[in-house]
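Visitor: Here it is, the structure in full.
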Amino acid sequence: MSADVVLGCDGANSTVRGIIGAELEDLRFEERWLVVDGVCDGDLGAWGGVHQVCDPRRAATFMQLGMLRYRWEFRLHPGESTVDLDTLLTPWLGTIGVRVVRRAEYIFRARIADRWRAGPVFLLGDAAHQTPPFIGQGLGAGLRDAYNLAWKLADGDPRLLDTYEAERKPHALAQIRLAIVAGWAMTGGQDRAAAVRRVVLGAIWRLPGLKGLALRSTSPPLRLARRGRRAGRLAPQPSVVQKGRTVRLDEVLGGGWATLYFGKASGPVVGRAIEVTPELDPSGGLRRWLRGRTVVLRPDRVVHRG
Ligand SMILES: Cc1cc2nc3c(=O)[nH]c(=O)nc-3n(C[C@H](O)[C@H](O)[C@H](O)COP(=O)(O)OP(=O)(O)OC[C@H]3O[C@@H](n4cnc5c(N)ncnc54)[C@H](O)[C@@H]3O)c2cc1C
2 MSADVVLGCD GANSTVRGII GAELEDLRFE ERWLVVDGVC DGDLGAWGGV HQVCDPRRAA
62 TFMQLGMLRY RWEFRLHPGE STVDLDTLLT PWLGTIGVRV VRRAEYIFRA RIADRWRAGP
122 VFLLGDAAHQ TPPFIGQGLG AGLRDAYNLA WKLADGDPRL LDTYEAERKP HALAQIRLAI
182 VAGWAMTGGQ DRAAAVRRVV LGAIWRLPGL KGLALRSTSP PLRLARRGRR AGRLAPQPSV
242 VQKGRTVRLD EVLGGGWATL YFGKASGPVV GRAIEVTPEL DPSGGLRRWL RGRTVVLRPD
302 RVVHRG
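Its first residue numbered 2, the sequence shown is counted upward by one per residue in our numbering.
Shown next, in the form of structure tokens:
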């Protein structure tokens, strides 16, 4: 079985970027990867998480997508246009057969637009920033852009709209840089300095803070005015109990501003007032996060004050 590598797609909307005169800054990461989806004749009996193969000769990613559907991602060498899928897949399959149902080449890049706004036109998602997918945050970052922008558009205050790029760009940049480090540590790169870099980055990667941040997919805080130590952080999303039903906190918060407090609220209550009682929060997780403070959440679930 052989596969001709097909044209890739970088997910960018270059036309709108071009119209508003924005340019993509290259953050110096580029790798070609082949993504292959296959349906197997039987269960491969693999561990259920995402496998990252840190082989400098052929870095790869593997995951189960459905009952018998699996995805393999293989890094391509510079100039490589044809790969022998049999050779690549056999170590995973053993005697089990596979029907390849999709294959596509992607170019993993790290780029960020130098401006995200021109008048009433805003960039968000991959049009504003592209990241290698090693910490699985590309779509997440785009969704956060959308949440950040949507409530500001609905509010209608032009000064608020000015804060969209100021808040989101440093955040997206931090996540891209983390993904680059994770990618280099996991795949080693392909140039001559790769061996040295693998050792250095492997050591950095063992630092508990960095590794924990990437593995938990924790979002770095937005740089907001200091209105408490959690200002700029994303609110947690624990299960809570409302009218006898276990629901996610989102359902209780509703769509707008909300103030969470335990006992008595301190400072002005903004939006929906929610007392975090033991009935609402039987596990105590939300109260532990509040630590006795009153927390004001923006509609995008970012802590405004608290
Ligand atoms: C192999 C791979 C693995 C990934 N894994 C993850 C992961 O684990 N977690 C994660 O969070 N992210 C991941 N990502 C990233 C994620 O897929 C992207 O960040 C996300 O799809 C970007 O969404 P978007 O809506 O901004 O852009 P897109 O998905 O590119 O959507 C833009 C849409 O606009 C359309 N369009 C373009 N121009 C026009 C036009 N002029 N008029 C009308 N329509 C237009 C396009 O056709 C497209 O449908 C991965 C990406 C790749 C390639």
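For every residue, glycine included, the Cβ atom is placed at its ideal position computed from N, Cα and C. This one's a predicted model, so the numbers in the text were calculated from it and none came from an experiment.
Could you tell me whether the Cβ atoms of residue 225 and residue 302 are closer together than 8 Å?
Guide: Your numbering for residue 225 matches position 224 in the sequence shown. Your numbering for residue 302 matches position 301 in the sequence shown. No, the pair does not count as a contact, with Cβ atoms beyond the cut-off.
Visitor: Around the Cβ of residue 176, are there at least 16 other Cβ atoms within 10 angstroms (buried) or fewer (exposed)?
Guide: By one-based count along the sequence shown, residue 176 stands at place 175. Result: buried.
Visitor: Counting only the same chain and skipping the five closest in sequence on each side, list residues whose C-beta sits under 7 Å from that of residue 135.
Guide: Counted from its first residue, the sequence shown places residue 135 at position 134. Only 180, 183, 184 and 187 meet the Cβ criterion.
Visitor: Using a Cβ-based criterion (distance less than 7 Å to any ligand heavy atom), does residue 107 qualify as near ligand 1?
Guide: As a working note, residue 107 is residue 106 in the sequence shown. Result yes, Cβ under 7 Å from ligand 1.
Visitor: Out of 43, 24 and 110, state which residue places its alpha-carbon closest to the alpha-carbon of residue 131.
Guide: Mapped onto the sequence shown, residue 131 falls at position 130. Considering only alpha carbons, the answer is 110.
Visitor: For a quick check, are the C-beta atoms of residue 126 and residue 141 less than 8 Å apart?
Guide: Against the sequence shown, residue 126 aligns to sequence position 125. Against the sequence shown, residue 141 aligns to sequence position 140. Result no, Cβ atoms of residue 126 and residue 141 do not sit closer than 8 Å.
Visitor: The alpha helix (DSSP H) spanning residue 88 covers which residue range?
Guide: Working through the sequence shown from its first residue, we reach residue 88 at position 87. Here the alpha helix (DSSP H) through residue 88 covers 86-94.
Visitor: Per DSSP, which one or two residues make a beta bridge with residue 68?
Guide: Translated into positions along the sequence shown, residue 68 becomes position 67. BP columns for residue 68 are empty, so no partner.
Visitor: So, are the CB atoms of residue 272 and residue 257 less than 8 Å apart?
Guide: Numbered from 1 along the sequence shown, position 271 holds the residue referred to as residue 272. Numbered from 1 along the sequence shown, position 256 holds the residue referred to as residue 257. In contact: residue 272 and residue 257 (Cβ atoms closer than 8 Å).
Visitor: Return helix, strand or coil for residue 177, following the three-state DSSP convention.
Guide: Here residue 177 corresponds to residue number 176 of the sequence shown, with the count starting at 1. Three-state DSSP puts residue 177 in a helix.
Visitor: In whole angstroms, what separates the C-alpha of residue 281 from that of residue 261?
Guide: Numbered from its first residue, the sequence shown carries residue 281 at position 280. Numbered from its first residue, the sequence shown carries residue 261 at position 260. Their backbone Cα atoms lie some 12 Å apart in a straight line.
Visitor: Using three-state DSSP, classify residue 185 as helix, strand or coil.
Guide: Along the sequence shown, read from residue 1 onward, the residue named residue 185 stands at position 184. Residue 185: helix per DSSP, three-state reduction.
Visitor: Nearest to residue 254 by CA position, among 304, 231 and 229, is which residue?
Guide: Here residue 254 corresponds to residue number 253 of the sequence shown, with the count starting at 1. Of 304, 231 and 229, the residue nearest in Cα terms is 304.
Visitor: Would residue 165 and residue 118 qualify as a contact pair, given that the criterion is a beta-carbon distance under 8 Å?
Guide: The residue given as residue 165 occupies position 164 in the sequence shown. The residue given as residue 118 occupies position 117 in the sequence shown. Yes, the Cβ-Cβ distance between residue 165 and residue 118 is below 8 Å.
Visitor: Measuring CB to CB, does residue 162 end up less than 8 Å from residue 153?
Guide: As a working mapping, residue 162 is identified with position 161 in the sequence shown. As a working mapping, residue 153 is identified with position 152 in the sequence shown. Yes. Within cutoff.
Visitor: Check this for me: beta carbons of residue 43 and residue 97, under 8 Å apart or not?
Guide: Here residue 43 is taken as the residue at index 42 of the sequence shown, counted from 1. Here residue 97 is taken as the residue at index 96 of the sequence shown, counted from 1. Result yes, Cβ atoms of residue 43 and residue 97 sit closer than 8 Å.
Visitor: Can you pull the DSSP bridge partners for residue 27?
Guide: Along the sequence shown, one-based indexing puts residue 27 at 26. Residue 27 pairs with 112.
Visitor: Considering residue 280, what are the terminal residues of the beta strand (DSSP E) in which it resides?
Guide: Residue mapping note: residue 280 aligns to position 279 of the sequence shown, counting from 1. From DSSP, residue 280 is part of no beta strand (DSSP E); its letter is neither H nor E.
Visitor: Straight-line CA distance for residue 277 to residue 48?
Guide: On the sequence shown, residue 277 is found 276 positions in, with the first residue counted as 1. On the sequence shown, residue 48 is found 47 positions in, with the first residue counted as 1. Distance between the alpha carbons of residue 277 and residue 48: 38 Å.
Visitor: What are the residues that DSSP puts in a beta bridge with residue 74?
Guide: For the purposes of this step, residue 74 is identified with residue 73 of the sequence shown, where counting begins at 1. Residue 74 pairs with 36 and 62.
Visitor: Where does residue 140 fall in DSSP's three states?
Guide: Against the sequence shown, residue 140 aligns to sequence position 139. Here residue 140 sits in helix by DSSP.
Visitor: Using only alpha-carbon positions, find the residue among 18, 34, 249 and 269 that is nearest to residue 62.
Guide: Counting from 1 along the sequence shown, the entry for residue 62 is found at position 61. Taking only the C-alpha atoms, the option nearest residue 62 is 34.
Visitor: Look at the alpha carbon of residue 274 and the alpha carbon of residue 241, and state the distance between them as a whole number of angstroms.
Guide: Within the sequence shown, residue 274 is the residue found at index 273, counting from 1. Within the sequence shown, residue 241 is the residue found at index 240, counting from 1. About 16 Å.
Visitor: Indicate the three-state DSSP secondary structure (helix, strand or coil) for residue 271 in the structure shown.
Guide: Walking along the sequence shown from the start, residue 271 turns up at place 270. In the structure shown, residue 271 sits in coil (DSSP, three-state: anything other than H, G, I, E or B).
Visitor: From residue 102 to residue 238, what distance separates their C-alpha atoms?
Guide: Your numbering for residue 102 matches position 101 in the sequence shown. Your numbering for residue 238 matches position 237 in the sequence shown. Roughly 36 Å between the two C-alpha positions.
Visitor: With a threshold of 7 Å (Cβ to nearest heavy atom), would residue 38 be considered close to ligand 1?
Guide: Here residue 38 corresponds to residue number 37 of the sequence shown, with the count starting at 1. False, no ligand heavy atom lies under 7 Å from that Cβ.
Visitor: Among 151, 92, 83 and 108, whose alpha-carbon lies nearest the alpha-carbon of residue 29?
Guide: Taking the first residue of the sequence shown as 1, we reach residue 29 at position 28. Nearest C-alpha to residue 29: 108.
Visitor: Nearest to residue 81 by alpha carbon, out of 91, 269, 300 and 106?
Guide: Residue mapping note: residue 81 aligns to position 80 of the sequence shown, counting from 1. Checked all of 91, 269, 300 and 106; the closest Cα to residue 81 is 106.
Visitor: Below 8 Å between beta carbons: does that hold for residue 99 and residue 40?
Guide: Here residue 99 refers to the residue found at position 98 when the sequence shown is read from its first residue. Here residue 40 refers to the residue found at position 39 when the sequence shown is read from its first residue. The answer is yes: Cβ separation under 8 Å.
Visitor: In angstroms, rounded to a whole number, what distance separates the CA positions of residue 172 and residue 222?
Guide: Taking the first residue of the sequence shown as 1, we reach residue 172 at position 171. Taking the first residue of the sequence shown as 1, we reach residue 222 at position 221. Straight-line Cα distance between these residues: approximately 7 Å.
Visitor: With 16 as the cutoff for other CB atoms within 10 Å, does residue 88 come out buried or exposed?
Guide: Walking along the sequence shown from the start, residue 88 turns up at place 87. Per the 10 Å Cβ criterion, exposed.
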